[in-house]
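*Asks:* Please read through the structure below; I'll follow up with questions.
There are 2 protein chains.
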Amino acid sequence: MSGEDAPAQQQQNAVDQKQETKPTEEPKAESPTKTESAPAAAEGGAAPAGAPEKVPEEDTFSYRSLVLTGYGGYDKVKLQVKKGKPALKAGEVQVQVKACGLNFADLMARQGLYERLPSPPVTPGMECSGVVEAVGEEVTDRKVGDKVMVLNRFGLWQEVVVVPAGHTFLMPEGMTFEEAAALPVNYITAYMMLFDFGNLRPNQSVLIHAAAGGVGIAATQLCKTVKDVTVFGTASASKHETISAGGVTHTIDYRTKDYVEEVRKISPKGLDVILDPLGGSDTHKAYNLLKPMGKLITYGAANMLAGQRKNLIAVAKNWYHQFSIHTLSLIQGNKSVCGFHLGYLDGEMELISQAMNTILDLYKQEKIKPRIDSTWHLEQVGDAMRKMQERNNIGKVILTTEPMPEEEKKEEAKKEEKKEEKKKEDKKKDDKKKDDGKKEEKKDDKKKEEPKKEEKKEEEKKEEPKKEEK
Amino acid sequence: MSGEDAPAQQQQNAVDQKQETKPTEEPKAESPTKTESAPAAAEGGAAPAGAPEKVPEEDTFSYRSLVLTGYGGYDKVKLQVKKGKPALKAGEVQVQVKACGLNFADLMARQGLYERLPSPPVTPGMECSGVVEAVGEEVTDRKVGDKVMVLNRFGLWQEVVVVPAGHTFLMPEGMTFEEAAALPVNYITAYMMLFDFGNLRPNQSVLIHAAAGGVGIAATQLCKTVKDVTVFGTASASKHETISAGGVTHTIDYRTKDYVEEVRKISPKGLDVILDPLGGSDTHKAYNLLKPMGKLITYGAANMLAGQRKNLIAVAKNWYHQFSIHTLSLIQGNKSVCGFHLGYLDGEMELISQAMNTILDLYKQEKIKPRIDSTWHLEQVGDAMRKMQERNNIGKVILTTEPMPEEEKKEEAKKEEKKEEKKKEDKKKDDKKKDDGKKEEKKDDKKKEEPKKEEKKEEEKKEEPKKEEK
Numbered sequence: 059m060s061g062e063d064a065p066a067q068q069q070q071n072a073v074d075q076k077q078e079t080k081p082t083e084e085p086k087a088e089s090p091t092k093t094e095s096a097p098a099a100a101e102g103g104a105a106p107a108g109a110p111e112k113v114p115e116e117d118t119f120s121y122r123s124l125v126l127t128g129y130g131g132y133d134k135v136k137l138q139v140k141k142g143k144p145a146l147k148a149g150e151v152q153v154q155v156k157a158c159g160l161n162f163a164d165l166m167a168r169q170g171l172y173e174r175l176p177s178p179p180v181t182p183g184m185e186c187s188g189v190v191e192a193v194g195e196e197v198t199d200r201k202v203g204d205k206v207m208v209l210n211r212f213g214l215w216q217e218v219v220v221v222p223a224g225h226t227f228l229m230p231e232g233m234t235f236e237e238a239a240a241l242p243v244n245y246i247t248a249y250m251m252l253f254d255f256g257n258l259r260p261n262q263s264v265l266i267h268a269a270a271g272g273v274g275i276a277a278t279q280l281c282k283t284v285k286d287v288t289v290f291g292t293a294s295a296s297k298h299e300t301i302s303a304g305g306v307t308h309t310i311d312y313r314t315k316d317y318v319e320e321v322r323k324i325s326p327k328g329l330d331v332i333l334d335p336l337g338g339s340d341t342h343k344a345y346n347l348l349k350p351m352g353k354l355i356t357y358g359a360a361n362m363l364a365g366q367r368k369n370l371i372a373v374a375k376n377w378y379h380q381f382s383i384h385t386l387s388l389i390q391g392n393k394s395v396c397g398f399h400l401g402y403l404d405g406e407m408e409l410i411s412q413a414m415n416t417i418l419d420l421y422k423q424e425k426i427k428p429r430i431d432s433t434w435h436l437e438q439v440g441d442a443m444r445k446m447q448e449r450n451n452i453g454k455v456i457l458t459t460e461p462m463p464e465e466e467k468k469e470e471a472k473k474e475e476k477k478e479e480k481k482k483e484d485k486k487k488d489d490k491k492k493d494d495g496k497k498e499e500k501k502d503d504k505k506k507e508e509p510k511k512e513e514k515k516e517e518e519k520k521e522e523p524k525k526e527e528k
Numbered sequence: 059m060s061g062e063d064a065p066a067q068q069q070q071n072a073v074d075q076k077q078e079t080k081p082t083e084e085p086k087a088e089s090p091t092k093t094e095s096a097p098a099a100a101e102g103g104a105a106p107a108g109a110p111e112k113v114p115e116e117d118t119f120s121y122r123s124l125v126l127t128g129y130g131g132y133d134k135v136k137l138q139v140k141k142g143k144p145a146l147k148a149g150e151v152q153v154q155v156k157a158c159g160l161n162f163a164d165l166m167a168r169q170g171l172y173e174r175l176p177s178p179p180v181t182p183g184m185e186c187s188g189v190v191e192a193v194g195e196e197v198t199d200r201k202v203g204d205k206v207m208v209l210n211r212f213g214l215w216q217e218v219v220v221v222p223a224g225h226t227f228l229m230p231e232g233m234t235f236e237e238a239a240a241l242p243v244n245y246i247t248a249y250m251m252l253f254d255f256g257n258l259r260p261n262q263s264v265l266i267h268a269a270a271g272g273v274g275i276a277a278t279q280l281c282k283t284v285k286d287v288t289v290f291g292t293a294s295a296s297k298h299e300t301i302s303a304g305g306v307t308h309t310i311d312y313r314t315k316d317y318v319e320e321v322r323k324i325s326p327k328g329l330d331v332i333l334d335p336l337g338g339s340d341t342h343k344a345y346n347l348l349k350p351m352g353k354l355i356t357y358g359a360a361n362m363l364a365g366q367r368k369n370l371i372a373v374a375k376n377w378y379h380q381f382s383i384h385t386l387s388l389i390q391g392n393k394s395v396c397g398f399h400l401g402y403l404d405g406e407m408e409l410i411s412q413a414m415n416t417i418l419d420l421y422k423q424e425k426i427k428p429r430i431d432s433t434w435h436l437e438q439v440g441d442a443m444r445k446m447q448e449r450n451n452i453g454k455v456i457l458t459t460e461p462m463p464e465e466e467k468k469e470e471a472k473k474e475e476k477k478e479e480k481k482k483e484d485k486k487k488d489d490k491k492k493d494d495g496k497k498e499e500k501k502d503d504k505k506k507e508e509p510k511k512e513e514k515k516e517e518e519k520k521e522e523p524k525k526e527e528k
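Chains as they are written, first to last, in the working numbering: chain A, 59 to 528; chain B, 59 to 528.
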């Protein structure tokens with residue numbers, strides 16, 4: 059039942075490749091066998107946390123890996139141990155991972171809302187940093203010992219990854235592994251949106267939603283590399299001081315104020331560039347806020363993420379309000395609407411490398427610097443995801459592959475036990491209610507409103523998360 | 059009945075201002091009084107073709123002006139004489155016009171398909187060149203005698219125009235008035251599409267439809283100012299030699315070949331920038347031809363123009379096939395869709411001036427040069443429009459305010475007489491057919507297919523125009 063039985067594999071290379079592992083089917087969240095799928099911390103405790111490079115025999119080689127075992131809540135990502143050395147083909151490098159970055163796409167993926175991640179079981183993770191520990195044939199520009207950043211469609215949340223050498227970028231002098239894991243996705247995304255689609259120039263104005271998030275902070279820093287750019291940034295009030303210091307000209311608390319009105323007060327004609335990670339009705343608002351020759355770049359559907367598990371109402375609402383634009387409107391408004399997602403750009407490594415080179419130059423010139431919100435052990439991936447999803451972060455949420463100290467592990471285990479008990483209690487209550495109502499669960503798509511309500515209740519009881527997301 | 063009765067006015071300044079003229083209602087094209095609305099050449103012959111600046115008294119001041127008298131065919135634009143000196147307000151200049159440019163929007167406007175032109179009677183014309191002959195108060199950067207290009211929403215097809223000084227641009231040394239009248243609309247349009255929305259960079263690829271048209275030639279020349287840009291250009295085969303010499307890398311005869319296939323043969327991954335003046339289903343094709351990070355810039359609906367008069371089928375078809383795009387598709391494709399039309403950008407003179415300055419620098423460096431297809435007298439505006447609409451031009455179609463020599467006038471008059479006779483004959487035949495069919499014409503929008511067929515027949519009989527447009 060445990061992930062330790064799973065054979066080693068090269069998930070991270072497998073673009074569209076079906077996984078060869080045949081782990082026992084993960085129990086559904088609602089099934090009575092649930093307790094067997096222990097949360098990450100508990101399982102991690104059972105796994106040998108030793109460094110894999112110390113194992114000499116290929117067949118006894120093992121490494122820890124985070125595996126998405128099924129779509130759902132935070133506990134669906136489990137720490138497992140993979141055995142066997144991953145194969146290294148020509149043009150590839152093997153990297154000992156030090157730190158991994160969390161991205162919104164990982165949260166979407168966990169809920170089954172990100173089609174670029176193969177079906178579970180699968181290791182998520184689009185970016186990490188580490189040290190090259192083996193190079194395949196034909197690799198000329200990487201050598202053992204190189205410190206690198208790695209960008210991949212998925213599969214990087216584990217201690218050892220094998221990727222094409224072209225997916226790695228040398229870390230500049232002085233960059234920490236945390237910074238290196240925080241940089242690729244957020245900065246390439248912000249860079250390509252602002253400077254390729256957005257064509258940002260001096261004296262222009264930009265709206266950055268979630269300005270305290272990973273992309274938001276990267277975008278703010280990149281805006282400041284252009285002369286006299288005015289940055290409007292939305293975030294909850296508690297984060298305003300930080301984002302102001304980071305370069306946001308006008309902070310807007312979207313929870314208490316209408317951001318459209320706030321922008322119009324200062325810039326009545328509208329804005330030159332708007333970055334839209336929200337989707338749905340916010341895309342409409344953004345479109346109307348554009349100046350002539352303005353560019354709206356939409357890069358996500360964060361509005362779809364409401365709660366820990368897939369919220370069908372939020373998804374449907376987002377679809378319903380999805381922005382659709384006629385060319386005649388674009389022509390009459392002299393406007394541009396662009397879509398961006400790095401996850402769909404994996405065939406364009408040349409473009410990405412060009413952007414990365416410019417970004418690393420800016421880093422060396424100290425014009426940009428990733429801001430780390432917090433670093434978590436692999437065992438704590440659930441809490442790390444929660445922090446990001448509930449928008450309690452300022453900057454990047456990072457996972458480290460450093461072994462967790464034994465003491466911390468014990469504490470984690472206790473916390474997890476508590477959580478589990480609470481969950482069971484909630485479950486019992488829910489079951490009772492369900493029995494009372496004589497409602498029977500059938501297929502996912504037939505549930506409609508029912509599961510949403512239950513999930514919400516469960517979540518609220520657990521930790522009373524501060525929901526910042528709109 | 060004649061336009062000579064129309065009081066002088068400042069149509070060119072009147073943004074959204076209702077005209078004060080109250081000329082007799084123009085007869086409908088189908089009405090029996092049609093012969094009274096003589097075509098431009100005949101009327102022009104009756105008008106005093108003297109230079110207006112020689113008349114000393116303000117109240118006897120008169121100048122020739124082209125007036126769109128109603129929506130319809132080429133003969134709806136008539137040469138009239140306006141009396142009285144146009145008022146000159148602070149910040150404005152009066153320009154003695156030497157040459158005017160024809161644009162696609164003027165053709166659309168004649169058919170009632172361009173909402174930026176006020177209702178007839180109105181003087182069309184978005185660009186011209188000439189000499190400043192008076193400056194209003196507060197004008198510091200223009201003086202009498204300056205040779206200028208003029209850009210305005212409408213009203214420039216006449217001998218005298220009054221416009222805000224900010225709508226004029228000084229002509230560089232050595233530029234002819236024809237070049238100056240050919241430059242503003244086409245080059246600003248091409249420039250803003252390629253370099254603002256398109257963000258064109260070295261080694262990229264561009265598709266230019268109607269590469270022998272005004273915008274097409276301007277865009278080709280501007281592409282060549284960027285290193286190693288590959289230009290795909292569509293045009294009928296007879297124009298290929300010229301556009302190749304002008305800088306088109308790959309010429310495509312869209313009449314005999316599928317341009318999508320032709321592009322894919324050479325550039326299987328697609329294109330970086332596509333300029334789309336066609337609309338309808340061609341916009342869909344363009345979208346699918348985009349590379350990741352590609353930009354589609356749509357700037358017209360030439361597909362709507364089928365025949366001399368409004369073709370309801372073509373308009374409906376264009377609407378039906380009009381491109382509408384969901385953000386999710388944009389995100390997954392990493393694509394950009396932009397709309398551009400200079401006619402809707404008249405509030406953004408600062409942006410336009412910036413573009414114009416760069417364009418004029420390129421002209422001075424001999425990197426760009428407007429190509430004049432042909433120059434026509436005001437009396438010949440119908441033929442000039444026909445040449446452009448039937449896509450028989452290579453480069454810009456220009457009107458000159460130079461008086462027409464008496465001999466030419468006589469010839470024109472004869473030609474026009476012949477045309478009129480033919481028209482009457484066609485009309486008789488049509489009327490006979492209609493009577494036979496006992497069909498009664500009602501309102502425009504109830505006619506549907508009927509008028510289209512008639513128009514087509516009429517047109518084909520007249521001159522057997524080579525219809526290049528798809």
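Cβ coordinates follow ideal geometry from the N, Cα and C atoms, glycine included. Keep in mind it's a predicted model, so treat the numbers as computed, not measured.
#1: Applying the criterion that 16 or more other CB atoms from any shown protein chain within 10 Å of the CB defines a buried residue, is B/Asn71 buried or exposed?
#2: Give a yes or no on whether the C-beta atoms belonging to A/Gln447 and A/Glu470 are separated by under 8 Å.
#3: Could one say the Cβ of A/Lys134 lies closer than 8 Å to chain B's Cβ atoms, at least one of them?
#4: Indicate whether at least one CB of chain B lies closer than 8 Å to the CB of A/Gly103.
#5: Which bits of chain A does B/Phe398 rub up against, with CB to CB less than 7 Å?
#6: Residues in the segment 343–372 of chain A with C-beta within 7 Å of chain B's C-beta atoms, listed in sequence order?
#7: Name the chain A residues that come within less than 8 Å of B/Phe381, Cβ to Cβ?
#8: Could you give the distance in angstroms between the alpha-carbon of A/Leu386 and the alpha-carbon of A/Gln152?
#9: I want to see whether chain B comes within less than 8 Å of A/Thr459, judged by CB atoms only; does it?
#10: I'd like to know whether the C-beta atoms of B/Val189 and B/Arg200 end up nearer to each other than 8 Å.
#11: Enumerate in chain order the residues of its own chain whose CB-to-CB distance from B/Asn361 is below 6 Å, with the five nearest sequence positions on each side excluded.
#12: From the DSSP output, which residues share a beta bridge with B/Lys353?
#13: Would you mind telling me which residues of chain B sit closer than 9 Å to A/Val318, beta carbon to beta carbon, in chain order?
#14: Closer than 9 Å, Cβ to any Cβ of chain B: which residues of the segment 275–304 of chain A, in chain order?
#15: DSSP state of B/Phe227, grouped into three classes?
#16: Have a look at B/Asp254 and B/Glu196 and give me their C-alpha separation to the nearest angstrom.
#17: Fully enclosed by the segment 160–205 of chain B, which beta strand (DSSP E) runs are 3 residues long or longer?
#18: Step through the CB atoms of chain A and report whether any lies within less than 8 Å of the CB of B/Val264.
#19: Which same chain residues, not among the five before or five after B/Met407, have their C-beta less than 6 Å away from its C-beta?
#20: Please list the partners that A/Gly337 has in chain B, where partner means a Cβ-to-Cβ separation under 8 Å.
#21: Starting from the Cα of B/Met251, find the closest Cα among B/His399, B/Phe235 and B/Gly183 and give me that residue.
#22: Can you pull the chain A neighbours of B/Ile227, defined as C-beta to C-beta under 7 Å?
#23: Since A/Asp254 meets chain B, which of its residues come closer than 8 Å, beta carbon to beta carbon?
#24: If we cut at 8 Å on Cβ distances, does A/Asp419 have a partner in chain B?
#25: Identify the contact partners of B/Thr341 in chain A, using a Cβ-Cβ distance below 8 Å as the criterion.
#26: Between which two residues does the alpha helix (DSSP H) harbouring A/Leu252 extend?
#27: Do the segment 326–336 of chain A and the segment 294–309 of chain A make contact, defined as three or more Cβ pairs closer than 8 Å?
#28: Within 10 Å of its beta-carbon, does B/Asp340 have 16 or more other beta-carbons around it, so buried, or fewer, so exposed?
#29: Does B/Glu406 get closer than 8 Å to chain A when you measure Cβ to Cβ?
#30: Can the beta-carbon of A/Met229 be found closer than 8 Å to that of A/Lys205?
#31: When the Cα of B/Arg168 is compared with those of B/Arg174, B/Arg211, B/Gly128 and B/Lys141, which residue comes out closest?
#32: Using a Cβ-Cβ distance under 8 Å, would B/Val395 count as near chain A?
#33: Within the continuous alpha helix (DSSP H) that includes A/Arg444, where are the two ends?
#34: Are the beta-carbon atoms belonging to A/Lys393 and A/Gly352 less than 8 Å from one another?
*Replies:* Taking the definition as stated:
#1: The predicted model places B/Asn71 with a pLDDT of 37, which falls under 50 and marks its position as unreliable, so this point remains unresolved.
#2: Their beta carbons are not under 8 Å apart, which means A/Gln447 does not touch A/Glu470 by this criterion.
#3: Interface criterion not met: the Cβ of A/Lys134 is under 8 Å from no Cβ in chain B.
#4: In this prediction, A/Gly103 scores a pLDDT of 35, lower than 50, which makes its location untrustworthy; no coordinate-derived value is stated.
#5: Contact note: B/Phe398 reaches chain A through Ile389 and Asn392, using a C-beta cutoff of 7 Å and chain order.
#6: Of all residues in the segment 343–372 of chain A, those with a C-beta nearer than 7 Å to a C-beta of chain B are Pro350, Met351, Thr356 and Tyr357, reading in chain order.
#7: Under the 8 Å cutoff, chain A gives His384 and Thr385.
#8: When the Cα atoms are used, A/Leu386 and A/Gln152 turn out to be separated by approximately 51 Å.
#9: No, A/Thr459 lies away from the interface with chain B (no Cβ there is under 8 Å from its Cβ).
#10: Their beta carbons are not under 8 Å apart, which means B/Val189 does not touch B/Arg200 by this criterion.
#11: Counting only Cβ-Cβ distances below 6 Å, and skipping sequence neighbours, we find Leu336, Gly337, Gly338 and Asn376.
#12: Bridge pairing for B/Lys353: B/Val331 and B/Ser394 [DSSP].
#13: Per Cβ cutoff of 9 Å: no residues; A/Val318 is ~18 Å from chain B at best.
#14: Residues of the segment 275–304 of chain A with a Cβ closer than 9 Å to any Cβ of chain B: none.
#15: Reduced to three states, the DSSP call for B/Phe227 is strand.
#16: Going from the Cα of B/Asp254 to the Cα of B/Glu196 covers about 32 Å.
#17: Taken in chain order, the complete beta strand (DSSP E) segments of 3 residues or longer contained in the segment 160–205 of chain B are 185–193.
#18: Not an interface residue.
#19: Cβ within range, chain order: Gly224.
#20: Proximity of chain B to A/Gly337 at the Cβ level (cut-off 8 Å) is accounted for by Thr385, in chain order.
#21: Distance check between B/Met251 and each of B/His399, B/Phe235 and B/Gly183 places B/His399 closest, using alpha-carbon atoms only.
#22: The amino acid occupying residue 227 of chain B in the given sequence is Phe; Ile does not appear at that position. Those do not exist, as B/Phe227 stays about 19 Å from chain A at its closest Cβ, beyond 7 Å.
#23: Chain B residues near A/Asp254: Asn257 and Met351.
#24: The Cβ of A/Asp419 sits no closer than 8 Å to any Cβ of chain B.
#25: Correct list: Thr385.
#26: Boundaries for A/Leu252: no alpha helix (DSSP H) harbours it, and the DSSP string shows neither H nor E there.
#27: With a cut-off of 8 Å on Cβ pairs, the segment 326–336 of chain A is not in contact with the segment 294–309 of chain A, counting fewer than three such pairs.
#28: With 16 or more Cβ atoms within 10 Å of its Cβ, B/Asp340 is classed as buried.
#29: Yes, contact with chain A.
#30: Yes, they are a contact pair.
#31: Answer by Cα proximity: B/Gly128.
#32: Yes, because at least one Cβ of chain A sits closer than 8 Å to the Cβ of B/Val395.
#33: Secondary structure note for A/Arg444: its alpha helix (DSSP H) is the uninterrupted segment Val439 to Gln447.
#34: Closer than 8 Å, so yes.
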